[in-house]
Structures are given as structure tokens and as C-alpha cells.
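*Asks:* Take the sequence shown: its position 8, counted from the start at 1, is 319 in the working numbering, and no numbers get skipped.
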Amino acid sequence: MASDTRDTAGPLRGPMKAWASLADAFSMAIGRSRPLELPPAPLYDFGLPASSAGIGEAEARKALLGHYAHYDVVAYEDRGTKTPMKSFVVSYGFTDFVERDGKILQIDRFVHASHKINQRGVRTSFADEATAAIEPRVQEVRLYEEGGAWRVYRPESPVLLGIGGDPSKPLSRDPLDPLILDSDGDGRPGVTVHITIAGILKGELYITRREIYRDYLALYPDGRWIGHIEDLSEQFVIGASMRILRQESNNRQVPDPALNPIMLARVPESVSTWKELEPLRDELFPPEPAFVEAAAKPAPL
312 MASDTRDTAG PLRGPMKAWA SLADAFSMAI GRSRPLELPP APLYDFGLPA
362 SSAGIGEAEA RKALLGHYAH YDVVAYEDRG TKTPMKSFVV SYGFTDFVER
412 DGKILQIDRF VHASHKINQR GVRTSFADEA TAAIEPRVQE VRLYEEGGAW
462 RVYRPESPVL LGIGGDPSKP LSRDPLDPLI LDSDGDGRPG VTVHITIAGI
512 LKGELYITRR EIYRDYLALY PDGRWIGHIE DLSEQFVIGA SMRILRQESN
562 NRQVPDPALN PIMLARVPES VSTWKELEPL RDELFPPEPA FVEAAAKPAP
612 L
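(1) Am I right that Leu653 and Glu604 are in contact with their C-beta atoms under 8 Å? What's the rounded C-beta distance?
(2) Under 8 Å Cβ to Cβ from Glu587, same chain only, skipping five residues before and after it: list those, please.
(3) Write down the C-beta distance between Leu454 and Ile415 rounded to the nearest angstrom, noting that I regard them as a contact closer than 8 Å.
(4) With respect to the alpha helix (DSSP H) encompassing Lys373, which residues constitute its N-terminal and C-terminal limits?
(5) Please classify Arg484: is it buried, with 16 or more other beta-carbons within 10 angstroms of its beta-carbon, or exposed?
(6) Suppose contacts are defined by Cβ-Cβ distances below 9 Å. Is Thr435 in contact with Thr507 by that definition?
(7) Taking all protein chains shown into account, decide if Leu591 is buried (16 or more other Cβ within 10 angstroms of its Cβ) or exposed.
(8) Going by the DSSP bridge assignment, what does Ala443 pair with across the sheet?
(9) Could you check which residue in Ser583, Phe602, Val578, Ala601 has the C-alpha nearest to that of Leu595?
(10) Quick one, which of Val452, Ala424, Glu410 has its alpha-carbon nearest Thr584's?
(11) DSSP three-state label for Thr319, please.
(12) Taking the alpha carbon of Ala361 as the point to measure from, which residue in Arg535, Gly404, Pro481 has its own alpha carbon closest?
(13) Cβ of Met396 within 8 Å of any heavy atom in the ligand MG?
(14) With distances taken between CB atoms, is the gap from Gln564 to Gly391 smaller than 9 Å?
(15) Please determine, among Thr519, Phe547, Glu370, Ile511, the residue with the shortest C-alpha to C-alpha distance to Gly432.
(16) Spell out a yes or no on whether the region 565-577 and the region 524-542 are touching, meaning 3 or more CB-CB pairs, one atom from each, closer than 8 Å.
(17) Please classify Val400: is it buried, with 16 or more other beta-carbons within 10 angstroms of its beta-carbon, or exposed?
(18) Exposed or buried, Glu368, counting other C-beta atoms within 10 Å across all chains shown (16 or more means buried)?
(19) Which residues share a DSSP beta bridge with Thr519?
(20) Rounding to the nearest angstrom, what Cα-Cα distance links Lys373 and Gly404 in this structure?
(21) Can you tell me whether Val409 is buried or exposed, with buried defined as 16 or more other CB within 10 angstroms of its CB?
(22) How close, in whole Å, do the beta carbons of Gly560 and Asp389 come, if the pair is a contact with beta carbons under 8 Å?
(23) Report the rounded CA-to-CA distance for Gly538 versus Ala443, giving the unit in angstroms.
(24) Once DSSP output is grouped into helix, strand and coil, what is the label at Lys480?
(25) By how many angstroms is the C-alpha of Gly501 removed from the C-alpha of Phe602?
(26) Taking the alpha carbon of Trp461 as the point to measure from, which residue in Ala371, Ile555, Glu599, Ala606 has its own alpha carbon closest?
(27) Can you look up Arg535 in the DSSP assignment and give me helix, strand or coil?
(28) Starting from the Cα of Leu359, find the closest Cα among Ile549, Asp533, Asp488, Pro566 and give me that residue.
(29) Tell me the DSSP secondary structure of Ile506 in three-state form.
(30) Express the C-alpha separation of Ile540 and Lys328 in angstroms, rounding to a whole number.
(31) What's the C-alpha gap between His426 and Met396?
(32) Have a look at Ser398 and Asp593 and give me their C-alpha separation to the nearest angstrom.
Here you go:
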């Protein structure tokens with residue numbers, strides 16, 4: 312069990328002036344600036360999937376099996392905050408499709424993630440160790456023809472992050488749950504999200520997650536499998552390094568598929584780490600999405 316950092320009274324002892332400085336930094340970054348907006352959908356124009364005409368199931372299966380670099384974007388919105396907070400989580404990893412006993416199995420492994428938020432002056436990050444701690448179960452997928460294209464559906468298979476237990480049950484909301492783990496090995500409970508506000512306030516959130524996602528993919532002419540991801544994950548904030556950061560999160564996926572793309576690009580088996588994938592990132596995948604300035608509202612007549 313990780314050391315308990317959920318009682319944060321120690322780091323916050325001090326004169327009221329220090330409290331005011333922290334509060335001002337938090338307020339300036341979140342409460343006193345106009346948040347950015349989601350970019351228009353779709354994030355990317357991938358064109359149309361490859362036509363399935365003349366391509367049988369055996370050929371489609373052959374086109375699917377193999378080792379791929381994985382890129383996906385999930386757009387979230389948290390309406391539990393005073394100003395709705397929107398974010399992108401961009402995940403990188405590797406996906407393998409293998410055949411066993413006539414079944415096609417999808418094996419996912421994540422190695423790096425970036426987190427973007429629509430609040431000015433706020434930066435968040437997630438260590439690669441935390442990303443790698445997500446260990447999706449090997450999942451059977453369905454290869455099928457629909458709408459003139461070959462497609463793949465991966466159903467959800469819940470997995471826990473930062474806590475043990477039964478992944479088929481709702482995520483525990485108890486910050487003292489004895490099943491909480493130190494999944495990223497940093498000595499803190501759960502997994503750690505690093506936060507910097509206004510360039511001066513640095514802190515940490517400790518969270519647990521129940522990762523639940525579905526993939527919808529189609530074969531494209533260049534051999535990539537592209538589609539969208541549905542995320543039904545649950546998240547719980549165990550605690551924070553400072554009380555001012557201790558806020559409940561109610562993140563929900565923005566439901567537009569065009570804001571939640573997934574792309575698989577075939578790579579050699581020898582490419583299996585983020586160190587090996589990072590130099591290929593720009594060759595394989597489009598630029599990461601970014602939030603945009605909110606459109607100015609017309610002046611009242």
C-alpha cells in the first residue's frame with residue numbers, strides 16, 4: 312500500500328498570506344479568464360474507408376492481423392466545476408491483432424499520454440509509468456462487413472487503475488479503501504496527475520479509474536484502421552497534495568464520434584516502446600488537437 316498522502320494539512324500550514332497567494336493563482340488561472348473551446352468537428356478528415364467490393368473475409372482478416380502503433384483522442388467535459396472544464400486525453404501505445412482458435416483477439420498496451428485542458432494557465436501531465444499501468448484485458452473482436460467497408464468492433468472490458476477489486480463493479484468512492492494501490496510506483500496512492508497553475512502553483516491529484524472503452528474501426532485504403540472510441544470510464548479523486556486542488560471530478564466523454572478518433576498504423580514488431588515510437592509520431596499520426604478561442608458574442612442591440 313502506498314504511503315497515505317490524502318491528509319494534506321501538513322503542506323498547507325502557514326500564514327494566511329500563503330493561502331491567499333494560492334487562491335489568487337488558482338482563481339486567475341481558472342475563474343478570471345475566458346476558457347478556450349473545443350475545435351470544430353471532425354478533428355481530422357480521414358476520407359472514406361476502403362471499399363469492401365471484391366475483398367473476402369479471409370483477405371480482410373489478413374489485412375487486420377499484425378502489430379500497430381495506436382493513437383486515440385478522447386474529449387471530456389466536466390460540468391461539476393463552476394466553469395465547465397473540457398479536456399483532451401491523447402493516448403499512444405500498441406495494438407496487436409492475433410488469431411487463436413479461429414478467434415481474433417485485440418491486445419492493447421499504452422505507453423504515453425498527453426492531457427490538454429481548456430483553462431488558460433493550467434497545465435496537467437500524466438507520467439508514462441501511470442499510462443503503462445493501464446493494462447486492458449485481451450479482448451475478442453468482431454470483424455464484419457457493413458456499409459461497403461470492412462469493420463472491427465471491440466466491446467468494452469473494464470479494467471481498474473490505481474485500485475484492486477472487481478472491475479465489473481462500479482468504482483469505489485471511498486478514499487480510504489484498503490484496495491487502493493500505488494500503480495505508478497511514485498509512493499502516492501492511486502495514480503498521480505501533475506498540475507501547474509499560472510506557472511507558479513504546482514500540485515498533484517491522486518486518482519483511481521475504471522477504464523471502459525469500445526473501439527469502432529474501419530479499413531482504409533492505406534492499410535490503416537481508423538474509427539472512433541466510446542469511453543464509459545469512471546474516475547475518482549482520492550486526494551491532492553494541497554486542499555485547494557481537492558475537487559471532485561465528473562468527467563464525461565463528449566459524445567460526438569468526430570471528436571474521439573482512433574487510428575492504428577502498422578509498424579514493425581521491433582517498434583514496441585515510446586522511445587521507439589516517438590520519432591515516428593509525426594510520420595504516422597496527425598497533429599494532436601488543440602483548443603481554440605471562443606467566438607466573440609455579438610454586442611446587444
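Quick reminder that beta carbons are idealized off the backbone N, C-alpha and C, glycines included.
*Replies:* Considering the structure as presented:
(1) Outside the shown range of the chain, which is 312 to 612, sits residue 653, and nothing can be said about it.
(2) Counting only Cβ-Cβ distances below 8 Å, and skipping sequence neighbours, we find Ser581.
(3) Rounded to whole angstroms, the Cβ separation of Leu454 and Ile415 is 6 Å, and the two are in contact under 8 Å.
(4) Lys373 -> alpha helix (DSSP H) spans 368-375.
(5) Counting Cβ neighbours within 10 Å, Arg484 comes out exposed, since fewer than 16 surround it.
(6) Going by C-beta atoms, Thr435 is nearer than 9 Å to Thr507.
(7) Exposed.
(8) DSSP, once it has assigned bridges, lists no residue as partnering Ala443.
(9) With distances taken between Cα atoms, Leu595 lies closest to Val578.
(10) In terms of Cα proximity to Thr584, the closest of Val452, Ala424, Glu410 is Ala424.
(11) A caution first: Thr319 carries a pLDDT of 38, below 50, which makes its placement in the model unreliable, though a value can still be read off. Correct three-state label for Thr319: coil.
(12) Nearest of Arg535, Gly404, Pro481 to Ala361, Cα basis: Arg535.
(13) As for the ligand MG, it is missing from this structure, which has no ligand bound.
(14) The answer is no: Cβ separation not under 9 Å.
(15) Of the listed residues, the one whose Cα sits closest to Gly432 is Ile511.
(16) They touch, by the three-pair rule.
(17) Buried: at least 16 other Cβ atoms inside 10 Å.
(18) Taking a 10 Å sphere around the C-beta of Glu368, we find fewer than 16 other C-beta atoms and assign the residue as exposed.
(19) Phe547.
(20) For Lys373 and Gly404, the distance between alpha carbons rounds to 22 Å.
(21) In the assembly as shown, Val409 is an exposed residue. Its beta-carbon has fewer than 16 other beta-carbons within 10 Å.
(22) One detail in the question is off: residue 560 reads as Ser in this sequence, not Gly. Confirmed, Cβ separation roughly 6 Å.
(23) Approximately 23 Å between the Cα atoms of the pair.
(24) Three-state result, Lys480: coil.
(25) Put simply, the backbone Cα of Phe602 is about 28 Å away from that of Gly501.
(26) Of the listed residues, the one whose Cα sits closest to Trp461 is Ala371.
(27) Looking at Arg535 - three-state DSSP - the assignment turns out to be coil, as it is neither helix nor strand.
(28) Taking only the C-alpha atoms, the option nearest Leu359 is Asp533.
(29) Strand.
(30) Note that Lys328 scores 37 on pLDDT, short of 50, meaning its location in the model is unreliable and no value can be drawn from it.
(31) If I take the Cα positions, the gap works out to 13 Å.
(32) Straight-line Cα distance between these residues: approximately 22 Å.
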